[in-house]
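One structure is given below, encoded as structure tokens.
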């Protein structure tokens, strides 16, 4: 075999071999284990009351967090790319911060803010408002960790498109709102959609931050991911793999969407 | 170090880039591969360099067959149209690259780079990065880099194509002088016939993957093999079955029995030359080239009727 | 917009930093230097560094194959690379545990060891370097490589001297992200490591445990230290990036 072809094949083999071991191995386990435990067992675990409630909590959180971060992401992206204001660098840094933070750090910081001994603690207790160990803190945690995603898609797209179209719209008499709705938003819609998909995946998969602030109370403040851990700790393999399968199937659906929507390399 | 391309063919999918092309390049000569886009000239150059593999045929350099030999082992120097500068290395390191990978001693590298910098007139720019150089400077660096390893042959792929007109013509003259000094066998690819005529000892004119004609520039100009060659290497007017060069047309103010009538539609003054756009009695256009003196003597102006006669005509067999 | 950012991000972080020093500097120092927390921090940084290094090598390799050597099925492989982004981390942990745990089908029993942490972090950080290197690799001027070959460079030299310097900024970005992720990872590590103090307990788990048992101050102290380590590292990598691209700004 000529050395060029040999070189190509060995590089390819090493890369694919690595992927096989690191990526495909664990993935294969999912289907294998669910099969081993029995689909029936897995199904009954998935449809248990507490588990269904956990899915419901997950979806509720996502239903709040995703729209919030989408709006924020678009507004923030527009401000950063199209406007001048003091502290832009700081804003940019804060938007990217959640990417570098450990989820436990996020959870802990919320704990220190809203806990009984936290900054807002006394005020909250006085007014009978429960943030920690309840849905509000879980939403806050999930919003925190998923802040960057829509913005990070919108910003480079806005930069690449440039503002000529918007300028043209203004010269033709369009108001700020009309320009945004008819020109800007449509031009970034695929970036926004891609960002929404990634944000949703992040919200559905969040574990560490929510684990700290929710207390993981079954039937009350458990999300689907916390439920997996719950089952695991109770040595309920069918349960943990069953819920994992559902989450993994959602993840694969997300992956398919991401692949279809991903901006192509080298095109606007 | 001669170059021979023998019956080289190459396709890219359905597109035939080279169709049984044979070319001989003499040792020490400067040969131009000339032709329009898609003629195969760049492909041929890259096949000679080993950057493309031909489907059939053979390349010989210094009479050694190059079959299966990688570009690394052919001893060619290649200069690219868009410079292909190593962006992350200084000018010095770019030029020294070939020597460094051959593990030449530091002192030798330093001396040779200095020598080359002087040759290409980039002294003092050794520590700059390519992004800090102009296009012309980058290309001179590219040449120095290729020459640094004493290549057997020098191959230039439209080296001045990305530069503006003035820099182009300066570098043309400079390249010819360089060649006269170094006598390295050189092949230059260009679509600019003026460039080929000015710079080369021999011109190989190609079209659609085939060689139309090859020979000294003057030969292609004076004794073109076919209408394509005639109209590519210079201006040519079609008169009936024959072809006439703009400067081979006599312009008279009075008919004399052998002349035809024509109307001056436009005069273009190009410094020393005057180009007269004429319209003949049968409505066909004719481009005539005169010296400024001739035009003045005839007192030519637009709208004037003149009488023309070709002094030299080329007719091609069908 | 800034209100949103402040309420959601800035305020909590401020509370964190404040709390870490609220009991005084000596308390901060105490908590970051207990044997258990030191052990957890050392393990965290060491494994994260190893993971970052592994990704630098294999991530680049994978990006190379996807960009330069497309084969039948490479678009499928390309799509799968993002799976660790989409999959919940707890599920990742569960799967790696199943693969290398007591009932491992391949008879590798690495669960509850440091190796398991390394392996699960490799899964979780897989996409980072691959995705940052791919676009940079696309942009490389292949004529530079041809020029190097014509000058006599062997393929390995062409890669090391010409391609690698050009894609280095991409590799460094990916490494930075992989490292930051590995340092803070919780969901996947908690299952596979067993969280044994002094053996397989990473800093994030230590923080989790401390905060659950009421030691918010201690947890905050180590959290801030972790933050500081990330920050320093990101600065260092940013500096390396600037160094690698200085020829562009010359």
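Protein chains in written order, with the working numbering: chain V, 1 to 268; chain C, 269 to 586; chain X, 587 to 836. Just so it is clear, CB atoms sit at the ideal spot from N, CA and C, and this is done for glycine as well. Treat the numbers as computed from the prediction; the structure is a model and nothing was measured.
**Request:** Determine which residues of the segment 61 to 80 of chain V have a Cβ less than 7 Å from any Cβ of chain X, and write them out in chain order.
**Result:** 72, 75, 76, 79
**Message:** residue 648(X) and residue 716(X) - do their beta-carbons sit closer together than 8 Å?
**Reply:** yes
**Buried/exposed call for residue 179(V), threshold 16 Cβ in 10 Å** = buried
**Message:** For the beta strand (DSSP E) containing residue 278(C), name the first residue and the last one.
**Reply:** 271 to 280
**Prompt:** With burial defined as no fewer than 16 other Cβ atoms inside 10 Å of the residue's Cβ, what is the status of residue 267(V): buried or exposed?
**Reply:** In this predicted model, residue 267(V) has a pLDDT of only 38, less than 50, meaning its place in the structure is not dependable; the value taken from the coordinates is given anyway. Exposed: under 16 other Cβ atoms inside 10 Å.
**Item:** Runs of alpha helix (DSSP H) wholly within the segment 612 to 657 of chain X (minimum 4 residues, chain order)
**Value:** 621 to 654
**Beta-carbon proximity check, residue 61(V) vs residue 150(V), cutoff 8 Å** = no
**Prompt:** Could you check where the beta strand (DSSP E) with residue 453(C) kicks off and where it finishes?
**Reply:** 453 to 458
**Prompt:** Residue ranges of each beta strand (DSSP E) run of no fewer than 3 residues wholly in the segment 471 to 501 of chain C, ordered along the chain?
**Reply:** 478 to 483
**Asked** Under a CB-based cut-off of 8 Å, is residue 655(X) close to chain C?
**Response** no
**Request:** Name the two residues that bound the continuous beta strand (DSSP E) containing residue 541(C).
**Result:** 541 to 548
**Prompt:** Within 8 Å (strictly less), CB to CB, does residue 25(V) reach chain X?
**Reply:** yes
**Prompt:** Thinking C-beta only, is residue 34(V) closer than 8 Å to residue 199(V)?
**Reply:** no
**Request:** Taking all protein chains shown into account, decide if residue 623(X) is buried (16 or more other Cβ within 10 angstroms of its Cβ) or exposed.
**Result:** buried
**Prompt:** Shorter than 8 Å from the beta carbon of residue 329(C) to some beta carbon of chain X?
**Reply:** no
**Item:** Neighbour list for residue 666(X) in chain C, Cβ cutoff strictly below 9 Å
**Value:** The contacting residues do not exist; residue 666(X) stays about 30 Å from chain C at best.
**Asked** Three-state secondary structure (DSSP) at residue 287(C)?
**Response** strand
**Prompt:** Alpha carbon to alpha carbon, how far is residue 86(V) from residue 644(X)?
**Reply:** 41 Å
**Request:** Specify whether the segment 13 to 23 of chain V and the segment 671 to 680 of chain X touch according to this definition: at least 3 beta carbon pairs, one from each stretch, less than 8 Å apart.
**Result:** no
**Request:** Express the C-alpha separation of residue 172(V) and residue 821(X) in angstroms, rounding to a whole number.
**Result:** 46 Å
**Asked** So which of 533(C), 437(C), 388(C), 417(C) has the shortest CA-CA distance to residue 370(C)?
**Response** 417(C)
**Request:** For the beta strand (DSSP E) containing residue 511(C), list its first residue and its last residue.
**Result:** 510 to 512
**Prompt:** What distance in whole Å lies between the Cβ atoms of residue 549(C) and residue 581(C), which are believed to be in contact at a cut-off of 8 Å?
**Reply:** The Cβ separation is near 18 Å, so there is no contact.
**Prompt:** In three-state DSSP terms, what is residue 241(V)?
**Reply:** helix
**Prompt:** What residue does the beta strand (DSSP E) around residue 345(C) start on, and which one ends it?
**Reply:** 344 to 347
**Asked** Quick one: which chain V residues come within Cβ less than 7 Å of residue 684(X)?
**Response** 29, 33
**Prompt:** Could one say the Cβ of residue 268(V) lies closer than 8 Å to chain X's Cβ atoms, at least one of them?
**Reply:** Annotation note: pLDDT 35 at residue 268(V) (below 50); position unreliable, coordinate value reported separately. So no, residue 268(V) is outside the interface.
**Message:** As a quick exercise: from 450(C), 406(C), 449(C), 428(C), pick the residue whose alpha carbon is nearest that of residue 440(C).
**Reply:** 428(C)
**Asked** For residue 265(V), which residues of its own chain have a beta-carbon under 7 Å away from its beta-carbon, when the five flanking residues on both sides are left out?
**Response** In this prediction, residue 265(V) has a pLDDT of 41, which is less than 50 and means its spatial position is unreliable; what the coordinates show is noted afterwards. There are no such residues.
**Request:** Inspect the beta-carbon positions of residue 300(C) and residue 467(C) and report whether they are closer than 8 Å.
**Result:** yes
**Message:** Relative to the C-alpha of residue 646(X), which candidate in 628(X), 667(X), 609(X), 832(X) has its C-alpha closest?
**Reply:** 667(X)
**Item:** the segment 725 to 739 of chain X: positions lying closer than 7 Å to chain V by Cβ
**Value:** none
**residue 589(X) - DSSP class collapsed to helix/strand/coil** = helix
**Alpha carbon of residue 662(X) to alpha carbon of residue 710(X), nearest angstrom** = 19 Å
**Short-range partners of chain X found in the segment 303 to 329 of chain C, where Cβ spacing is below 9 Å** = 314, 317, 318, 319
**Prompt:** Excluding five sequence neighbours on each side, which residues of the same chain lie with their C-beta closer than 8 Å to the C-beta of residue 107(V)?
**Reply:** 141, 208, 209, 210, 211, 212, 213
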